[in-house]
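Notes follow once the structure below has been shown.
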Amino acid sequence: MLFKIAWRNIWRSRIRSVVVILSVAIGVWALSFVLSFSNGITYTYISNAIRDQLSHLQLHNPKFPEDKNSKFFLTDVSKKLDTIRQMPEVEATTARAIATGMVSSARTASGVKIVGVIPASEMKVTHFEKNIKEGEYFKEDRHNEILLSERTAEKLKVKLRSRVVLTFQNLDGDITTAAFRVVGLFSTGNMITDEGSVYVKADDLKKNLIPQTSESDSLAAQSVVSQDIAQEIAIYLKDAKLVGDVKKKLQALFPGTLVEDYWQLSPDIELYETQIHTSNNIIIIIFMLALIFGIINTMLMAVLERYKELGMLMAIGMNKVKIFTMIVLETLMLGLVAAPLGLGLGLLTVHLLQDKGIDLKAFAAGLERFGISTTIFPVLDPGLYARIALAVLITTLLASLYPARKAVKLDPVEALHKI
Amino acid sequence: MSVIVAKHLTKIYNPKTVPVNALRGVDLTIEKGEFTAIVGPSGSGKTTLLNIIGGLDKPSDGSIRVDNEDITQLSDNELIDFRQKKIGFVFQSYNLIPVLTVEENTEFVMLLQKRPKAEREKRVAELLDSVGLSDKKTKRPNQLSGGQQQRVAVARALAPKPAFILADEPTANLDSASASNLLDIMEKLNREEGVTFVFSTHDQRVIDRARRVVTLVDGAIGSDEIRGN
């Protein structure tokens, strides 16, 4: 009975209720869109970072991350790669030789991370070849080729086919230089990567990195001689959810090797995620505040204009709990009609934009600086849906309390004789 | 049997600031089956007396027993419960719940009392028949005339079989024909089913039909006339 009365009461002031429902629905729609947009930014940022740079897991010599010195390398790399490739969770894996040095042209020089990749397996892990905007990816049979970012090329004032010189320390600590020919210009959409890294073939880098003579016959030395070393092994998994499991397996398989997941490799991801999460919550709270006053206002009007009727209900024996419940139900019903409407609209919008993405070229320069690509694909996950629905529910519930209290506080005698 | 026994009812509004003596020691007993009008000019305390009898207000002093229960001792919530069970209200206006049909309005108090469905349906049918509105049961109040609305209010008030019906100026907003029709129905219910009616009224049409007329003057009973009709 209470449900019936509450539901019908909503439709007494049809226009007012429709206005409230629409405003809540539009608010929910906007909220779900804004949140899925910012989720999309986070998601794109993280997946770009994983795809282009980090992969899901990386193996290093435990001392390497500290100062990125090439002399802290992994040994017995081909065996490690074989073992990793055989794991069912692994989609692809590759090894990298890394040195810190300088790239210089005839005009200028720039400090960079020199990444030596195995072209074929690198393609499977990072799809780096997709980032080539001009020129081409490494060819099997050629030597001393280098890929520069468009930005670096511009900075060095070099073009395709130009020669640049890489200067870095070899494993003995001696400065070594080698000339490379620019074969491709890339752009990853992330300015930090673009300006900070150059790519060469691992063999070319190792040739210069590893001193030709070695006097020790330790495993490390043997690996060095056979050039079976790498500064980094990157692993791309079939499913990001498997990261934790695979990490544990790898730690067991390769004791003494540092196994890190993308969270550890790039703490900014966590920071970024936390920040987006916090700002999402702030947006939800602002939305709730805006909503709460709108609803209180409407419901107060609904209560005040029914003062006599409420007095009559109390006089004929409707108790306070029932009156209170009735007003709360009316308010909740407004929210319950509006929320699915808004969420439905939000889902539809996100669904429409999910494949096409939102093109933010106009702001691209600014976004790239933060490692965000220029097309954002909004992501509305079920958890977010639930949070918005819960927020609307809590807001309407809170908003109903004051009008409902006002209703039960009325004095039936006074209410009935009010003109 | 006495339905209402009021002893030395006193009501003082604003006792601390500007005291207004609305009732000054009213003694009144109403027996079962009475058809009583409480009359008096504005400010005579008629509404205050009615509110106290109806359990909507509490006296400053004195006692009131309704159906042998001392209602001055009841808490607000107990009073609501008491009104629901013992008193049928008919107000001047705003009697009905606008969003419910005639049938649902009539059934409302019985629903609050959680009476079984079969009983409710039977009672509603009987009552609507006795107020002559069986054919309007699916209509909403705004589809009825003022007189018809008051008849629904009477049916609603009678539904839970209260000790008496308290009608506050029930004919004030009605034209002569509707008022007369409403009074006919109430008289019939009084005569045939022994329903006790207590009115507060200015309306001569109601006063003429009452079998007992209690006149209040300045918060006290000025006259109490029992007629033979």
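For the record, the sequence lines run as chains X and B.
For the first sequence, this note's numbering begins at 18 and goes up steadily by one.
For the second sequence, this note's numbering begins at 115 and goes up steadily by one.
Where is the CB? At the ideal position from N, CA and C, for every residue including glycine.
Keep in mind the model is a prediction, meaning the values are calculated, not measured.
Task: Buried or exposed (CB count within 10 angstroms, at least 16 for buried), X:I299 - done: With fewer than 16 other Cβ atoms within 10 Å, it is exposed.
Task: Contact residues within the segment 253-267 of chain X, judged by C-beta distance below 8 Å to chain B - done: Within the segment 253-267 of chain X, no residue has a Cβ that lies closer than 8 Å to any Cβ of chain B.
TODO: My understanding is that X:S121 touches X:T184, with C-beta atoms under 8 Å, so please give their C-beta distance in whole angstroms.
DONE: Contact holds; Cβ gap of about 7 Å.
Open item on the list: Is the beta carbon of B:D317 closer than 9 Å to that of B:V327?
Closed with: Not in contact: B:V327 and B:D317 (Cβ atoms no closer than 9 Å).
TODO: Compute the beta-carbon to beta-carbon distance between B:Q263 and B:P255, rounded to the nearest angstrom, for a pair I have assumed lies under 8 Å.
DONE: Beta-carbon to beta-carbon, B:Q263 and B:P255 are separated by about 6 Å, close enough to satisfy the 8 Å threshold.
- [ ] Would you list the residues sitting across from B:Y127 in a DSSP beta bridge?
- [x] Answer is B:V134, bridged to B:Y127.
- [ ] Determine the direct distance from the alpha carbon of X:I302 to that of B:D175, and round the result to whole angstroms.
- [x] Take the alpha-carbon of B:D175 and the one of X:I302: they are about 53 Å apart.
TODO: Answer yes or no: does any C-beta atom of chain X fall closer than 9 Å to that of B:S314?
DONE: Output row for B:S314: interface = no.
Open item on the list: Against chain B, does X:G328 count as a neighbour if the rule is that its beta carbon must be under 9 Å from one of theirs?
Closed with: Closer than 9 Å to some Cβ of chain B, the Cβ of X:G328 qualifies, so yes.
Open item on the list: Quick check on X:L165: does DSSP put it in helix, strand or coil?
Closed with: Reduced to three states, the DSSP call for X:L165 is strand.
- [ ] Work out the CA separation of X:Q371 and X:S214 for me, nearest whole Å.
- [x] Taking the straight line joining both Cα atoms gives about 31 Å.
TODO: Out of X:R124, X:A109, X:W46 and X:N148, state which residue places its alpha-carbon closest to the alpha-carbon of X:A137.
DONE: When only C-alpha atoms are compared, the closest one is X:A109.
TODO: Kindly indicate which three-state DSSP category X:R113 falls into: helix, strand or coil?
DONE: Three-state result, X:R113: strand.
TODO: Could you pull out every residue in the same chain whose Cβ sits closer than 6 Å to the Cβ of B:N281, ignoring the five residues on either side in sequence?
DONE: With the sequence shown as reference, residue 281 of chain B is identified as Ala, and Asn is not the correct amino acid for it. Cβ within range, chain order: V204 and F313.
Task: Every unbroken beta strand (DSSP E) within the segment 351-420 of chain X, with a cutoff of 3 residues, ordered by chain - done: Qualifying beta strand (DSSP E) stretches: none in this window.
- [ ] Answer yes or no: do B:V268 and B:N219 have a C-beta to C-beta separation smaller than 9 Å?
- [x] No, they are not a contact pair.
TODO: Give a yes or no on whether the C-beta atoms belonging to X:V132 and X:G118 are separated by under 9 Å.
DONE: Not in contact: X:V132 and X:G118 (Cβ atoms no closer than 9 Å).
TODO: Taking X:L282 as the reference, give the member of X:P82, X:V430, X:R33 and X:I293 with the closest Cα.
DONE: It is X:P82.
TODO: Tell me whether X:I405 counts as near the ligand HEM, meaning its Cβ is closer than 8 Å to at least one heavy atom of that ligand.
DONE: The ligand HEM is absent from the structure shown, which contains no ligand whatsoever.
Open item on the list: Please report the straight-line C-alpha distance between X:H434 and B:T315, rounded to a whole angstrom.
Closed with: So the two alpha carbons sit approximately 15 Å from each other.
Open item on the list: Check whether chain B comes within 9 Å of X:H73, counting only Cβ atoms and requiring the distance to be less than that.
Closed with: For X:H73, the answer is no, since every Cβ of chain B falls outside 9 Å of its Cβ.
Task: Proximal chain B residues relative to X:R25, where beta-carbon distance stays under 8 Å - done: The contacting residues are V213 and L214.
- [ ] Give the secondary structure of B:R237 by DSSP, where H, G and I count as helix, E and B as strand, and everything else as coil.
- [x] In the structure shown, B:R237 adopts helical secondary structure according to DSSP, grouped into three states.
Task: Span separating the alpha-carbon of X:V32 from that of X:D428 - done: Position check: residue 32 of chain X holds Ile in this sequence, whereas Val was assumed. Near 29 Å, if we compare the C-alpha coordinates of X:D428 and X:I32.
- [ ] Starting from the C-beta of B:E221, find all residues in its chain whose C-beta is less than 6 Å away, skip the five residues before and the five after it, and write them out in chain order.
- [x] Cβ contact annotation for B:E221 (same chain, cutoff 6 Å, sequence separation greater than five): R234 and V238, in chain order.
Open item on the list: I want to know whether the segment 193-205 of chain X touches the segment 163-172 of chain X - three or more CB-CB distances under 8 Å.
Closed with: Contact between the segment 193-205 of chain X and the segment 163-172 of chain X is present, because at least three Cβ pairs lie under 8 Å.
Task: Contact with chain B by X:K426, beta-carbon distance below 9 Å - done: Proximity of X:K426 to chain B, defined by a Cβ-Cβ separation below 9 Å, is not satisfied.
TODO: Report all residues from its chain with a CB closer than 6 Å to the CB of X:M335; omit the five preceding and five following residues, and keep chain order.
DONE: Contacts found: none.
TODO: Return the chain-ordered ranges of every beta strand (DSSP E) run that is complete within the segment 278-325 of chain B and spans a minimum of 3 residues.
DONE: Taking only runs of at least 3 residues, the beta strand (DSSP E) segments lying wholly in the segment 278-325 of chain B are 278-282 and 311-315.
Open item on the list: Cβ closer than 8 Å: which chain X residues qualify as neighbours of B:N209?
Closed with: Within 8 Å Cβ-Cβ: M329.
Task: Helix, strand or coil at X:Y154 according to DSSP, with G and I counted as helix - done: Of the three classes helix, strand and coil, the one that applies to X:Y154 here is coil, per DSSP.
Open item on the list: Here's the rule I'm using: 16 or more other beta-carbon atoms within 10 Å means buried, otherwise exposed. How should B:E145 be labelled?
Closed with: Counting Cβ neighbours within 10 Å, B:E145 comes out exposed, since fewer than 16 surround it.
Task: Ordered list of beta strand (DSSP E) runs contained in the segment 175-257 of chain B, each at least 3 residues - done: List check, beta strand (DSSP E) in window: 175-180 and 201-204.
- [ ] Compare the Cα-Cα distances from X:T348 to each of X:M329, X:A421, X:D158 and X:L369 and report the closest residue.
- [x] Ranking X:M329, X:A421, X:D158 and X:L369 by Cα distance to X:T348 puts X:A421 first.
Open item on the list: Less than 9 Å between CB atoms is the rule here; does B:I126 satisfy it with respect to chain X?
Closed with: Interface criterion not met: the Cβ of B:I126 is under 9 Å from no Cβ in chain X.
- [ ] Report the partner residues of X:V8 according to the DSSP bridge assignment.
- [x] Here chain X comprises residues numbered 18 to 436, so residue 8 of chain X is not present and cannot be evaluated.
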